[in-house]
Amino acid sequence: MKEIMFSLNSVWLVLGALLVILMQGGFILLEAGSTRMKNAGHIAGKTVFTFGLASIVFWAVGYGFIFGGNSNFFIGLSDFFYSGDQADGMPYSTAAFFLFQLAFAGISLTIAFGGFAERAKLSAYLVFAILFSVLVYPVVAHWIWGGGWLAEHGKQDFAGSTVVHLTGAMAAFAATILLKPRIGKFNKNGTTNNIFGHNQVYTALGVIVLWVGWFGFNGGSTFVVDDGFFGFVALNTNIAAGAGAIAALIISWMVLGKSDIPTILNGALAGLVAITASCAFVETWAAVLIGFVAGILVFYSVKFFDKLKVDDPIYALSVHGAAGVWGTLSTGLFATPELAAVGKPGLFYGGGFSQLGVQAMGVSVSALYAFAVSFILLYAMKKVMKGLRVSEEEEIIGLDVSEHGNYGYPEAFITNEEKNRIAN
Amino acid sequence: MGAFPQCFYHMGCEEMSYTTIKKWRDTELEKHDASSQALNVFHDSVMKKVFETALKKQKALHGPPPCLYSWFVMGSAGRFEQAIISDQDHGLVYEEDSESAAQYFIRLGKELADGLNEAGYPFCDGNVMSSNPVWCKSKSKWNEQLSKWLKEESFESIRFLLIFYDARVLVGEEEYIFELKQHVHDYTNQNPHFLERLLENTQHVKKAVGFFHQFLTETHGSYAGSIDLKQSGFFPYVNNIRLLALKESVNATSTLSRIEELTKLPNYQRDLSWCKGEFEKLLHYRLQYHKKMTENYDDIHYLDVKELPKDEKKDMKQILLNGQRLQDYTQAVIQGMMRK
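Heads up: the sequence lines are chains A and B, in that order. Heads up: the first sequence at position 178 corresponds to 178 in the working numbering, and the numbers run straight through without jumps. Just add 1000 to the spot in the second sequence (first one is 1) and you have the working numbering.
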């Protein structure tokens, strides 16, 4: 029986890893759809190579920093260049667990790159992919999941509203500040222009791929299949996403007078991000409420960053940042005594303010760390690499050509002369 | 009316050019912007001056007109509702159905369009000008064209019909336009479903007041924070009143006089009595706002609501909401008629 469970758990973890890695595909569609044609090939292609880089770095040091032994207050210090060894007493394949964790590190990095979109140099992606995967993500992940100091406080973050989403969003925030807005985003008179994405169908498809991938993200985070608890986690995940989409539709219709498609898509994602921390700790009605609030929050968050003149092309700060904070705090309100396997019940279940306090402290310290370290790293890169951003000319012709010498949509850009040459 | 340059009154004066008219228009304009009524009387007089000059040039090159004709304006000019800046919308109808007459009047139309443009009325983006054969036709060809538009019921033909329906004669034979409009009235009386088709065409309105009674302003772009006064404010009044006027065969072209005519009819007396005051306020407000900023034609459609005093904000919201109310009312009238 034990061997069967071991195998089933391992299958479940690898399946989870596959679904989470597939979310990279969701991000490719989401990001490419939300940006302009001239950058589409670049945005899609860079996701593949940065995930490759993140995989190698995670294997070399990331995994060891998070889950390694001899750990101190800050990080773990063993299992570097992980060999695939089975850890004693683990009820599933350690290699499967490794793959699952690697997939998460990759997602956090891709979220961070949302803040780079349409203006960062390719080399900036390359260098920051390594630095983030060594110095930013593993530290927060160790604190909360690797037995670090926040884990000791009983910080609840089931699948990573803080660890994965907020960490990525904070790096995106640092990047978007240092990179400055895209050309043409803000007018001299203080108004904002809408730089429309080139394909809403891609963006919507990206959201659905992410939505499905999230069953691996949250459901897989049970690690084991005992009792089929992952089914409950998946249920909470799905209804929170639905509530987020509905709330976003309603709020955009009430405030703007029309139901805005990008807002609806952001609402679904915000619901997913928010329920990520709490999906295993709350009842279904609370999951609906958490998703609903996230859908409204993301709408106002986008407006807020526009007002701050922060250019966030893929809404990473609002979807992963604002909703990540809310999701983390939500367990401090709604975690039930029966479900709170980690930490204490929330405020509405007789737990008082103690869990909410732990959540608030955890989310603030993690956000601050991720932001400050990312900012310092990017600032140093800016100095050493003579800027993070492509030249004005390169930005205008598009990163497909400036960084890769090739168009994502060649027919849309090549001259008639070239077209004729190909035809003949 | 201010003093016209002397040479205007002097037959054969060489300097009687569009540029002179433009100069005179620009200096005189502010004396005539106290009310929408005064402003539109002034616009009429400028456009008539342009016509005189155009006709004179045409006569010098191609001789006198071969037959009776009528020059009419449409759009906001037809409705006597021009703002300080307006583009040109106009057409010609003439008696004689011949190739030579067609050639004569299309030349005149071209001259008129150029002249108006030079005098400060920019070309019409939609090419609704006497220089376009669609809007410059003999009486019989006009009748044929109207029949075609009426039967076609396509998006474009309906748009053309609604534009034509605001035609108002500035120079020439007024009966020509009445006769052509009678053609439209006859058709709609026999084919009441056509009104429903027209209703569909005007149903889409850009809302400007939202769920929380807040202004729905532009969120992005250089007009962020403004409402589109043309689309959200004027269109509901202009389009719905036009539709009701068409239904009741009212010949007046300005929205205000259409309301007046409609409220003489027992059915509308009670339901539309509020309407005239609201539309007058809208005209008044637009004029006040635009005296401050008339830099380009696009500007005049947008109203920055942040700048408004509190009571005007309230007033403007009420006007916009009443526009939506008029929309609902018109829909009920047309659909109610269809059910009978």
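Here a beta-carbon is modelled for each residue, glycine too, at the ideal position from N, C-alpha and C. In this text the structure is predicted, and so the values were computed from the model without any measurement.
Does any CB atom of chain B fall closer than 8 angstroms to the CB of residue i?
| i | result |
| --- | --- |
| Asn187 of chain A | yes |
| Thr94 of chain A | no |
| Gly257 of chain A | yes |
| Met254 of chain A | yes |
| Thr336 of chain A | no |
| Asn266 of chain A | no |
| Asn236 of chain A | no |
| Thr192 of chain A | yes |
Which residues does DSSP pair with residue i in a beta bridge?
| i | result |
| --- | --- |
| Thr192 of chain A | A:Phe186 |
| Lys1137 of chain B | B:Val1093 |
| Leu1195 of chain B | The partner list for Leu1195 of chain B (beta bridge, DSSP) is empty, contrary to what the question assumes. |
| Ser1070 of chain B | B:Val1093, B:Gly1172 |
| Asp1228 of chain B | B:Tyr1302 |
| Val224 of chain A | Val224 of chain A pairs with nothing; no bridge assigned. |
| Val1209 of chain B | B:Phe1215 |
| Arg1258 of chain B | The partner list for Arg1258 of chain B (beta bridge, DSSP) is empty, contrary to what the question assumes. |
Using a Cβ-Cβ distance cut-off of 8 angstroms, determine whether residue i contacts chain A.
| i | result |
| --- | --- |
| Phe1211 of chain B | yes |
| Gly1221 of chain B | yes |
| Ala1303 of chain B | Reading off the sequence, residue 1303 of chain B comes out as Leu, not Ala. Not an interface residue. |
| Leu1308 of chain B | no |
| Lys1148 of chain B | no |
| Leu1216 of chain B | yes |
| Ala1224 of chain B | yes |
| Gly1002 of chain B | Since pLDDT at Gly1002 of chain B reaches only 47, below the 50 mark, its modelled position is unreliable, and the value read off the structure follows with that caveat. So no, Gly1002 of chain B is outside the interface. |
Which one of the options has the shortest CA to CA distance from residue i?
| i | options | result |
| --- | --- | --- |
| Gly231 of chain A | A:Asn187, A:Thr284, A:Ser259, A:Val201 | A:Thr284 |
| Pro1064 of chain B | B:Phe1072, B:Glu1052, B:Val1073, B:Gly1075 | B:Glu1052 |
| Lys427 of chain A | A:Gln200, A:Ala151, A:Gly115, A:Pro138 | Residue numbering for chain A in the displayed model covers 1 to 424; residue 427 of chain A lies beyond these limits and cannot be assessed. |
| Val342 of chain A | A:Tyr349, A:Gln355, A:Ser330 | A:Gln355 |
| Gly458 of chain A | A:Phe186, A:Phe74, A:Trp214 | The requested residue 458 of chain A is not part of the displayed model; chain A covers only 1 to 424. |
| Leu289 of chain A | A:Gly327, A:Lys307, A:Gly321 | A:Gly327 |
| Ala294 of chain A | A:Thr237, A:Ile144, A:Val163, A:Leu347 | A:Thr237 |
| Leu1057 of chain B | B:Glu1111, B:Glu1030, B:Gly1210, B:Lys1139 | The residue you asked about is not Leu; residue 1057 of chain B is Lys in the sequence shown. The option with the nearest alpha carbon to Lys1057 of chain B is B:Glu1111. |
| His1284 of chain B | B:Arg1258, B:Ile1319, B:Lys1306, B:Glu1307 | B:Ile1319 |
| Phe6 of chain A | A:Val224, A:Glu403, A:Leu333 | A:Val224 |
| Glu338 of chain A | A:Gly16, A:Phe281, A:Asp227 | A:Phe281 |
| Asn1191 of chain B | B:Lys1247, B:Leu1161, B:Gln1203 | B:Lys1247 |
| Leu1282 of chain B | B:Asp1315, B:Lys1291, B:Ala1252 | B:Asp1315 |
Does any residue of chain D have a CB that is nearer than 8 angstroms to the CB of residue i?
| i | result |
| --- | --- |
| Lys1207 of chain B | Given the protein chain composition of this structure (A and B), no chain D is represented. |
With respect to 7 angstroms, is the separation between the Cβ of residue i and the closest non-hydrogen atom of the ligand MG below this value?
| i | result |
| --- | --- |
| His320 of chain A | No copy of the ligand MG appears in this structure; indeed no ligand is present at all. |
On the three-state DSSP scale, how would you describe residue i?
| i | result |
| --- | --- |
| Val20 of chain A | helix |
| Phe73 of chain A | coil |
| Phe1008 of chain B | Any reading at Phe1008 of chain B must be qualified, since the residue scores a pLDDT of 47, below 50, and its modelled position is unreliable; no value is offered. |
| Val282 of chain A | coil |
| Val1250 of chain B | coil |
| Leu1326 of chain B | helix |
| Ala1167 of chain B | coil |
| Ala120 of chain A | strand |
| Arg389 of chain A | strand |
| Pro181 of chain A | coil |
| Val342 of chain A | coil |
| Gly148 of chain A | coil |
| Asp1180 of chain B | Just to set this straight, residue 1180 of chain B is Leu in the shown sequence, not Asp. Leu1180 of chain B: helix per DSSP, three-state reduction. |
| Tyr407 of chain A | coil |
| Leu29 of chain A | helix |
| Met361 of chain A | helix |
| Gly41 of chain A | helix |
| Val1236 of chain B | Per the sequence shown, the amino acid found at residue 1236 of chain B is Pro instead of Val. Pro1236 of chain B falls in the helix class under three-state DSSP. |
Pairing CB atoms from the stretch 61 to 71 of chain A with CB atoms from the stretch 129 to 142 of chain A, are three or more of them under 8 angstroms? At 8 angstroms Cβ cutoff, the stretches touch.
How about the stretch 241 to 253 of chain A and the stretch 172 to 192 of chain A: do they share at least three Cβ pairs that are nearer than 8 angstroms? no
State whether the stretch 23 to 36 of chain A contacts the stretch 195 to 209 of chain A, with contact taken as three or more CB pairs (one from each stretch) at a distance under 8 angstroms. yes
Is it true that the stretch 146 to 163 of chain A meets the stretch 294 to 303 of chain A, where meeting means three or more beta-carbon pairs spaced less than 8 angstroms apart? no
Validate contact between the stretch 231 to 241 of chain A and the stretch 266 to 277 of chain A using beta carbons, cut 8 angstroms, 3 pairs: They touch, by the three-pair rule.
Is there contact here, the stretch 1208 to 1218 of chain B with the stretch 1170 to 1190 of chain B, by at least three beta-carbon pairs under 8 angstroms? no
Count the CB pairs spanning the stretch 159 to 168 of chain A and the stretch 316 to 331 of chain A that are closer than 8 angstroms, and state whether there are at least three. yes
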